[in-house]
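Mapping the sequence shown onto the working numbering, position 88 (from 1) lands on 175, and the numbers just tick up by one. Heads up: the structure comes next, in structure tokens.
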Amino acid sequence: MSDTVRKFYDRNANREWERLHRDAYHRLEYIVTIHFLEKYLPKSGLVLDAGGGPGRYPIELGKKGFEVVLFDLSDKCLEIAEREARRARVSTKIRVAQGSIVDFSRFADESFDATICLGALSHLVDEEDRKKAVAELVRVTKTKAPMFISVFNRYGVFRTVLQRLPEELVEPSHEEMFSRGVHRGEWHDPMPVHGFTDAYFFHPVELKEFLESHGIVTLEMATCEGLSCHLQAETNRIYEDKKKWKRWVEILLNTCTDPCILGIGEHVLHIGRKV
């Protein structure tokens, strides 16, 4: 994982902490992910959150009694995670470690009862690095244990460009993104604030085949924003009516695994099990 990615998340650490609770629309990614964690995690155990950033999911898992290793590249994100874990009174449940997800050599084989990697795999632009990272994730996960891996969804990104950044459709530097799914932070700024950093955008079928080729059986796949994808204003508006919001979340959770919509979301989540 590049130094560009580390600098981006160091600079945007507070923004990343707030992102999943910024508004109702952004909460959907959290709601859907937690739904599948609760469905497939064991009742207890040691969990690795690889690329866990400022710690939203580790803190929630700590509240549920899990022991969690939060592994991330960004010093600033880890500082926030430690601070928020103390505030939530789960600091004894969470251990932080810094490093890249291509190297878990500090952990023995089959160390974890479950592994989570939400977004970090998409920051590996080089295919060989992605292979190393998944091989390492599999190695440190116990046999038959669940694995939760989410990535940035290629066609969801295309829709974001159409919605918010249409000038990028004809920007020559972005051709690699539309042809190969590769985004480079240097297109915007060496240390972007609102522009994005290095990223690889997956097709859902590609993600499934890639993970299965490394010994991960697919249990389910879900699009994290579901039918709300790119409908920010409408989603935030319905949140004001709690009855309607509850019903809409029920609909999203019931439909987010439908293959017809897997490709439209901004994030796609793969739930698997190590062979």
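Glycine included, every Cβ here is placed at the ideal spot set by N, Cα and C.
- The residues Asp136, Gly139, Val155, Leu157 and Ile181, in chain order, have a CB closer than 6 Å to that of proline 145 in the same chain once the five nearest residues on each side in sequence are set aside.
- Counting of Cβ neighbours within 10 angstroms places lysine 163 among the buried residues, the total reaching 16 or more.
- In the structure shown, isoleucine 358 falls within a strand segment according to DSSP collapsed to helix, strand and coil.
- Annotated three-state conformation of tyrosine 326 is coil, per DSSP.
- As the crow flies, the alpha-carbon of aspartate 110 is around 34 Å from that of lysine 361.
- In this chain, the beta strand (DSSP E) harbouring glutamate 307 covers 303–310.
- Remark: C-beta atoms of glutamate 353 and glycine 243 approach each other more closely than 7 Å.
- In the three-state DSSP reduction, cysteine 164 falls in the helix class (H, G or I).
- For the pair threonine 310 and leucine 349, the CB atoms are nearer than the 7 Å cut-off.
- DSSP lists Ile236 as the beta-bridge partner residues of cysteine 204.
- When rounded, the separation of the alpha-carbon atoms in serine 260 and valine 269 is 11 Å.
- Note on the segment 117–195: whole beta strand (DSSP E) runs with a minimum of 3 residues are 133–137, 154–159 and 181–185, in chain order.
- In this structure the segment 247–266 does not touch the segment 196–205; the number of beta carbon pairs closer than 8 Å is below three.
- Residue state for valine 269 is assigned as strand, using DSSP reduced to three classes.
- Per DSSP, reduced to three states, the secondary structure at threonine 228 is strand.
- Each of Arg241, Thr342, Arg251 and Ile236 was checked against the Cα of valine 304, and the nearest Cα belongs to Ile236.
- Annotated as proximal: threonine 322 and tyrosine 112, with beta-carbon spacing under 7 Å.
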